[in-house]
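Here's the structure we're looking at; comments come further down.
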Amino acid sequence: MTWPDEAVADGTATTPAHPSRIALFEAIRADRTGPVATRLLRLAHADTPFVRREALDLLHSLARERPWPEAVNAAVARLSDPDEEVRRRAACLFGYRGQPGLVLAALGELADPVVRTILARALGPAAAHLTDNDLASVRFLAHLETLRAAPPTRWNPLDAALLDDVRDAAHHLEDIGHIWGRVLYRLRREHDTYALVARLLADPGSRDIGADLAREACHDWRVAPVRLLPLLVQHRGQRVTPALGAALTTASISEAAMRTHEVLLAEVPFTPSPRTRRIPSTATVYDSAPAAALLAAKPVGIARLAHAPEIFEALLDAGPLTFRQAAQLYNLTFRRPGRSQAECAPLWLRHAGPSALSRLLALMTPHLADYAVGEYYLTGLARMGGHARPALPAVTALIDRRTRIPANDSTRDAEMRLDESLLATALSTRLAILAGAVPQPPAPPSPQ
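Mind the numbering: the sequence shown is residues 8 to 455 in our numbering, read in order.
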């Protein structure tokens with residue numbers, strides 16, 4: 008039984024989708040007391056620090072799936088390991104998978120501040136009573152847990168306690184701005200966040216923490232870049248630290264902030280985030296004959312069609328759709344939500360007339376805040392022009408929201424960029440709807 012040792016030692020056991028990792032996980036899932044599981048537990052005590060780190064990572068991944076007391080015990084034995092990274096991994100496994108009472112007891116007995124901080128963080132709400140701990144990072148986490156459930160009357164003293172400890176706590180909490188910002192966001196304390204950023208930026212010892220909290224605020228609140236860019240610029244000093252540079256770059260994703268503070272930012276040494284839009288313009292042009300030929304080669308039940316607006320507009324410009332073409336457009340519009348539906352809804356309105364409007368808007372408005380397809384639906388409403396006036400409340404609600412839309416992308420900057428792009432499209436859509444003129448039906452003849 009040497010292959011688990013080799014797979015852990017060469018790193019393949021921790022490489023996603025590698026055959027060695029798959030084989031190791033399958034063997035241990037099948038038998039937690041078998042030879043592969045036993046070997047992995049022993050590797051947590053190997054002579055080489057790298058092997059101990061890898062083994063603890065694997066044990067933690069497996070312990071997430073279901074309780075594994077032997078893996079937790081292996082971690083406890085490594086809490087005082089001579090290698091700091093081994094201690095960190097052991098603390099994570101023990102803190103998140105061990106019994107809370109045992110974790111609390113160990114936190115009071117151990118000396119390593121990094122290990123104690125990891126254990127306190129893993130305790131979550133159970134750490135709230137550790138506000139008198141002798142370690143600043145543990146006290147900070149305890150006050151933060153208390154703040155999560157505190158009534159507004161207790162916010163000010165808790166803020167003061169957090170500010171008192173934040174400089175020393177940052178020595179052992181690398182993402183302190185992120186975790187603090189998350190709590191403030193869940194409490195909907197937008198303006199309090201800006202005030203705390205100002206306090207942190209004003210102190211050179213906590214300036215980078217303030218920049219991190221400012222960046223977190225920009226990710227959470229739409230107005231944050233406009234409010235915080237002047238503060239970030241004011242406190243940048245002779246040189247821009249990495250934390251301040253990152254905060255400035257994140258804030259520059261906001262078009263409103265860049266517009267508002269254009270003069271102020273002219274001399275600031277940082278790299279603005281590139282401007283991107285998700286819906287490229289197309290120059291494809293179709294005549295009616297090629298458009299008809301293309302649709303003739305497609306099934307009636309078609310659900311997606313590239314360049315659908317250009318194809319069907321060419322046909323509608325030439326005259327009414329045939330029954331088959333109308334059936335294809337119907338399927339593109341009503342069969343499933345997504346880009347095709349968003350692009351084809353204005354075409355169905357043109358084909359079927361105003362009687363179809365309420366049904367189309369009922370399909371479209373629920374998807375306006377969807378980061379994946381919302382821009383397509385907004386663009387579809389803009390194409391409808393004045394006909395889409397009943398959708399204005401939904402468009403305005405998207406524009407007026409203070410928080411970012413929920414999104415899932417590679418980074419939080421990328422998610423913020425999605426929201427900014429959606430906001431820009433919503434603003435242009437509202438203008439298009441308000442500017443659009445809806446043809447009025449002819450007035451009935453006057454009675455003679």
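Backbone N, C-alpha and C define an ideal beta-carbon position, used for all residues, glycine too.
Please read all numbers here as calculations on a predicted model, not as lab measurements.
Task: Helix, strand or coil at Thr-410 according to DSSP, with G and I counted as helix - done: Translated into the one-based positions of the sequence shown, residue 410 becomes position 403. It is a strand residue.
Open item on the list: Taking the straight line between their C-alpha atoms, what separation do you get for Ala-300 and Leu-438?
Closed with: Sequence index remark: in the sequence shown, residue 300 carries index 293 (1-based). Sequence index remark: in the sequence shown, residue 438 carries index 431 (1-based). Near 36 angstroms, if we compare the C-alpha coordinates of Leu-438 and Ala-300.
Open item on the list: So the candidates are Ser-280, His-67, Tyr-378 and Thr-124; which of them puts its Cα closest to the Cα of His-179?
Closed with: Taking the sequence shown and counting its residues from 1, one reaches residue 179 at position 172. Out of Ser-280, His-67, Tyr-378 and Thr-124, Thr-124 has the C-alpha closest to the C-alpha of His-179.
Task: N- and C-terminal bounds of the alpha helix (DSSP H) containing Glu-274 - done: As a position in the sequence shown, residue 274 is number 267, starting the count at 1. Per DSSP, Glu-274 belongs to no alpha helix (DSSP H) and is neither H nor E.
Open item on the list: Within the continuous alpha helix (DSSP H) that includes Ile-35, where are the two ends?
Closed with: Residue numbering aside, residue 35 sits at position 28 when the sequence shown is read from its first letter. Per DSSP, Ile-35 belongs to the alpha helix (DSSP H) from 26–37.
Task: Whole-angstrom distance between Glu-274 and Leu-322, CA atom to CA atom - done: Stepping through the sequence shown from its first residue, residue 322 is reached at position 315. Stepping through the sequence shown from its first residue, residue 274 is reached at position 267. Cα to Cα, Leu-322 sits roughly 53 angstroms from Glu-274.
Task: Candidates Trp-228, Ala-404 and Asp-215: closest to Leu-375 by CA position - done: Numbered from its first residue, the sequence shown carries residue 375 at position 368. Of Trp-228, Ala-404 and Asp-215, the residue nearest in Cα terms is Ala-404.
TODO: Give the DSSP-derived three-state secondary structure of Pro-400 in the structure shown.
DONE: As a working note, residue 400 is residue 393 in the sequence shown. Residue state, collapsed to three classes: helix.
TODO: Sort Leu-65, Val-93, Arg-73 and Ala-97 by Cα distance to Asn-80 and report the nearest one.
DONE: Locating residue 80 in the sequence shown gives position 73, where the first residue counts as 1. Nearest of Leu-65, Val-93, Arg-73 and Ala-97 to Asn-80, Cα basis: Ala-97.
Task: C-alpha distance - Ser-453 paired with Ala-303, whole-angstrom precision - done: Working through the sequence shown from its first residue, we reach residue 453 at position 446. Working through the sequence shown from its first residue, we reach residue 303 at position 296. Only weak support exists for where Ser-453 lies, its pLDDT of 43 falling under 50; the value from the coordinates is given anyway. Their backbone Cα atoms lie some 47 angstroms apart in a straight line.
TODO: Just list the alpha helix (DSSP H) runs in the stretch 62–149, keeping only unbroken ones of 4 residues or longer that don't cross its boundaries, in chain order.
DONE: 76–83, 91–104, 107–116 and 120–130
Task: Local Cβ density within 10 Å of Ala-167, reported as buried at 16 or more and exposed below that - done: For this step, residue 167 is matched to residue 160 along the sequence shown. Result: exposed.
TODO: Apply the 10 Å Cβ neighbour rule to Thr-248 and answer buried if 16 or more other Cβ atoms are within range, or exposed otherwise.
DONE: Taking the first residue of the sequence shown as 1, we reach residue 248 at position 241. Result: exposed.
Task: Supposed close pair Leu-238, Ile-186 - CB separation, criterion 8 angstroms - done: Residue numbering aside, residue 238 sits at position 231 when the sequence shown is read from its first letter. Residue numbering aside, residue 186 sits at position 179 when the sequence shown is read from its first letter. Wrong, their Cβ atoms sit about 21 angstroms apart, outside the cutoff.
TODO: Compute the distance between the beta-carbons of Ala-62 and Ala-51, then report whether it is under 7 angstroms.
DONE: One-based indexing of the sequence shown puts residue 62 at position 55. One-based indexing of the sequence shown puts residue 51 at position 44. Cβ distance < 7 angstroms, so Ala-62 and Ala-51 count as in contact.
Task: 7 angstroms CB neighbourhood of Gly-387 in its chain, flanking five on each side removed - done: Locating residue 387 in the sequence shown gives position 380, counting from the first residue. If we look at Gly-387 and ignore the five residues flanking it on each side, its Cβ neighbours are Ala-349, Glu-350, Ala-352, Pro-353 and Met-371.
TODO: Determine the extent of the alpha helix (DSSP H) in which Tyr-201 is found, giving its start and end residues.
DONE: Your numbering for residue 201 matches position 194 in the sequence shown. It spans 197–209 - the alpha helix (DSSP H) in which Tyr-201 sits, taken as one unbroken run.
Open item on the list: I'd like the list of long-range same chain contacts for Asp-12, defined as Cβ closer than 6 angstroms, with 5 residues on each side in sequence excluded.
Closed with: Along the sequence shown, one-based indexing puts residue 12 at 5. Nothing listed; no residue qualifies.
Task: Trp-228 - partner residues in DSSP beta bridges - done: As a working note, residue 228 is residue 221 in the sequence shown. Per DSSP, Thr-410.
Task: Residue range of the unbroken alpha helix (DSSP H) whose run includes Ser-495 - done: Residue 495 is absent from the model: the chain starts at 8 and stops at 455.
Open item on the list: Taking the alpha carbon of Tyr-337 as the reference point, which residue from Trp-10, Val-93 and Ile-309 has its own alpha carbon closest?
Closed with: As a first step, residue 337 is located in the sequence shown; it is residue number 330 there, counting from the start. It is Ile-309 whose Cα lies nearest to the Cα of Tyr-337.
Open item on the list: Determine whether the beta carbon atoms of Ser-144 and Val-173 lie at a separation below 7 angstroms.
Closed with: Here residue 144 is taken as the residue at index 137 of the sequence shown, counted from 1. Here residue 173 is taken as the residue at index 166 of the sequence shown, counted from 1. For Ser-144 and Val-173, no; Cβs fall outside 7 angstroms.
- [ ] Quick one: measure Cβ to Cβ for Gly-392 and Ile-318, integer angstroms, because I've assumed they're closer than 8 angstroms.
- [x] Taking the first residue of the sequence shown as position 1, residue 392 is located at position 385. Taking the first residue of the sequence shown as position 1, residue 318 is located at position 311. With a Cβ gap of about 20 angstroms, Gly-392 and Ile-318 do not count as contacting.
Task: Unbroken alpha helix (DSSP H) run spanning Glu-262, endpoints - done: The count along the sequence shown starts at 1 and reaches residue 262 at position 255. Counting along the chain, the alpha helix (DSSP H) containing Glu-262 begins and ends at 262–267.
Open item on the list: Assuming Tyr-378 and Ala-401 are in contact, meaning their beta carbons sit under 8 angstroms apart, how far apart are those beta carbons, in whole angstroms?
Closed with: For the purposes of this step, residue 378 is taken as residue 371 along the sequence shown, with counting starting at 1. For the purposes of this step, residue 401 is taken as residue 394 along the sequence shown, with counting starting at 1. Rounded, the Cβ-Cβ distance is 16 angstroms, inconsistent with contact.
- [ ] From the DSSP output, in three-state form, read off Glu-152 for me.
- [x] By one-based count along the sequence shown, residue 152 stands at place 145. Looking at Glu-152 - three-state DSSP - the assignment turns out to be helix.
TODO: Tell whether a beta-carbon distance below 7 angstroms holds between Leu-250 and Asp-215.
DONE: Within the sequence shown, numbered from 1, the residue matching residue 250 stands at position 243. Within the sequence shown, numbered from 1, the residue matching residue 215 stands at position 208. Per the sequence shown, residue 250 should be read as Ala rather than Leu. Yes, these two residues count as a Cβ contact at 7 angstroms.
- [ ] Report back the beta-carbon spacing between Leu-220 and Leu-207 to the nearest angstrom; my notes put them in contact at under 8 angstroms.
- [x] Here residue 220 refers to the residue found at position 213 when the sequence shown is read from its first residue. Here residue 207 refers to the residue found at position 200 when the sequence shown is read from its first residue. The Cβ separation is near 6 angstroms, so the contact holds.
- [ ] Assign Leu-260 to buried or exposed, taking buried as 16 or more other Cβ atoms, counted over all protein chains shown, within 10 Å of its Cβ.
- [x] Taking the first residue of the sequence shown as position 1, residue 260 is located at position 253. Just to set this straight, residue 260 is Ile in the shown sequence, not Leu. Result: buried.
Task: Span separating the alpha-carbon of Leu-117 from that of Asp-210 - done: Here residue 117 refers to the residue found at position 110 of the sequence shown. Here residue 210 refers to the residue found at position 203 of the sequence shown. Rounded to the nearest angstrom, the two C-alpha atoms are 32 angstroms apart.
Open item on the list: Determine whether the beta carbon atoms of Leu-1 and Ala-134 lie at a separation below 7 angstroms.
Closed with: Any answer about residue 1 is impossible in this case: the structure gives the chain only from 8 up to 455.
Task: Exposure of Ala-442, with buried meaning 16 or more beta-carbon neighbours within 10 Å - done: Position 435 of the sequence shown, counted from the start, is the residue given in the question as residue 442. Ala-442 should be labelled exposed.
- [ ] Keeping to the same chain, check which residues put their C-beta closer than 7 angstroms to that of Ala-431; ignore five residues upstream and five downstream.
- [x] Counting from one through the sequence shown, the residue named residue 431 turns up at place 424. Same-chain partners within the cutoff: Glu-262.
Task: Beta-carbon separation (whole angstroms), Leu-47 vs Leu-66, contact threshold 8 angstroms - done: In the sequence shown, the residue the question calls residue 47 occupies position 40. In the sequence shown, the residue the question calls residue 66 occupies position 59. Indeed they touch by this definition, with Cβ atoms about 7 angstroms apart.
Open item on the list: Helix, strand or coil, according to DSSP, for Arg-343 in the structure here?
Closed with: Taking the first residue of the sequence shown as 1, we reach residue 343 at position 336. The answer is coil: DSSP assigns Arg-343 none of H, G, I, E or B.
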